[in-house]
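If you read the sequence shown in the working numbering, its first letter stands for residue 164, the second for the next number, and so on.
Yeah, the Cβ is synthetic: ideal placement off N, Cα and C, and Gly gets one too.
These numbers come from a predicted model, not from an experiment.
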Amino acid sequence: MRTIVVTGAASGIGKTLARILTERGERVIGVDLHDADVTVDLTTTEGRTALVDGVRELTGGSIDAIVANAGLALPIPKTVAVNFFGALATLEGLRPLLAGSAAPRASVTCSMASLYPPDAELLDALLAEDEPAALARAEELAADTQTGTLIYGTTKQALAKWIRRHATGPQWAGAHIPLNGIAPGIVVTPMTHDLMATKEAVDALLQQVPMPLNGPMEPEVPAHLHAWLVSEENSHLCGQIVFVDGGSDVAIRGDATW
Numbered sequence: 164m165r166t167i168v169v170t171g172a173a174s175g176i177g178k179t180l181a182r183i184l185t186e187r188g189e190r191v192i193g194v195d196l197h198d199a200d201v202t203v204d205l206t207t208t209e210g211r212t213a214l215v216d217g218v219r220e221l222t223g224g225s226i227d228a229i230v231a232n233a234g235l236a237l238p239i240p241k242t243v244a245v246n247f248f249g250a251l252a253t254l255e256g257l258r259p260l261l262a263g264s265a266a267p268r269a270s271v272t273c274s275m276a277s278l279y280p281p282d283a284e285l286l287d288a289l290l291a292e293d294e295p296a297a298l299a300r301a302e303e304l305a306a307d308t309q310t311g312t313l314i315y316g317t318t319k320q321a322l323a324k325w326i327r328r329h330a331t332g333p334q335w336a337g338a339h340i341p342l343n344g345i346a347p348g349i350v351v352t353p354m355t356h357d358l359m360a361t362k363e364a365v366d367a368l369l370q371q372v373p374m375p376l377n378g379p380m381e382p383e384v385p386a387h388l389h390a391w392l393v394s395e396e397n398s399h400l401c402g403q404i405v406f407v408d409g410g411s412d413v414a415i416r417g418d419a420t421w
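Right, dumping it as structure tokens:
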């Protein structure tokens, strides 16, 4: 039996992933603000420390995989704190606990929103891992409804870039740990409920996020991808951001990645 830590496990993709992993016989340590094995707030230093301490206490200090899934999609500074710095704290804080696993794995929830133009100042602060500067810039962006919308996509682009920059390094690939991310399109979860309240709202959303293959997805779709990324079968995928988005990446970028 493998032991897998899933953050954001109380709802959406994380809750569905926890169920899928449990059904296939894995032990899941769920982390969230409520209804979880480890209840913490990843926007705070204290919460991030408590995450590692709580997981260590429950597992005896040995796990097999990390899924850094917790996130917000709101135009507020807390989105910066959770989506980027909370994810990094999860990955870096729990990485030492992977040392005893025969097949250590890590997967992260990014987003197709990472494809959109970011706020350059916020992106620079994130990639410099300067949390005070990033939060200050997010405060400025959040003061305007138009610029506030840049916060989410910028955090997800920074997270994807961080994965690409670190996955082949000594602490990840060098330690035999595949580190990858997924980039979902529109997922039917509580987070997107208000954005999809009517058919007109869904149509408008799909104008922003084109999903020519089957449209918005249930959380099982990205959850199953996470489940494979942290499975023993995934021995060589390294530093990839896998777009599970109904074709958004292709519709937006075409062949521009080559």
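Inter-residue CB distance, residue i and residue j (contact presumed, cutoff 8 Å)
i    : j    : result
A305 : P238 : 6 Å
D200 : L180 : Not confirmed; about 14 Å, so no contact.
L205 : F247 : About 10 Å; that fails the 8 Å criterion.
L388 : V405 : 6 Å
L254 : A269 : 6 Å
Pair within 7 Å by beta-carbon distance, residue i and residue j
i    : j    : result
L376 : G348 : no
V407 : I345 : yes
Q188 : V169 : Per the sequence shown, the amino acid found at residue 188 is Gly instead of Gln. Cβ atoms of G188 and V169: not closer than 7 Å.
T331 : G402 : yes
V215 : G256 : yes
A231 : A213 : no
T317 : L286 : yes
A386 : I167 : no
V350 : M380 : yes
D198 : A236 : no
R219 : A252 : no
L313 : I415 : no
Residues that residue i bridges to, as DSSP identifies them
i    : result
A346 : F406
A231 : V271
M380 : V350
I192 : V168
T185 : Paired residues: none, contrary to the question.
T202 : D195
Spatially closest choice to residue i from the options, by CA coordinates
i    : options                : result
D227 : D418, A233, D412, A338 : A338
L196 : R190, T212, A233, P353 : A233
R190 : T208, I314, M164       : M164
L298 : R328, T185, Y315       : Y315
G223 : E186, T185, A262, T207 : A262
I183 : N397, D418, P382, E363 : P382
N397 : T310, T361, A336       : A336
S225 : S264, G417, G311, K362 : S264
I229 : G171, E186, P281, D282 : G171
R300 : A283, T308, D418       : A283
R327 : L400, E363, D366       : L400
Does the segment 274-283 touch the segment 311-323, meaning 3 or more C-beta pairs lie closer than 8 Å? yes
Given 8 Å, three or more beta-carbon pairs between the segment 386-403 and the segment 329-344: yes
Does the structure place the segment 276-296 close enough to the segment 239-252 that three or more beta carbon pairs sit under 8 Å?
yes
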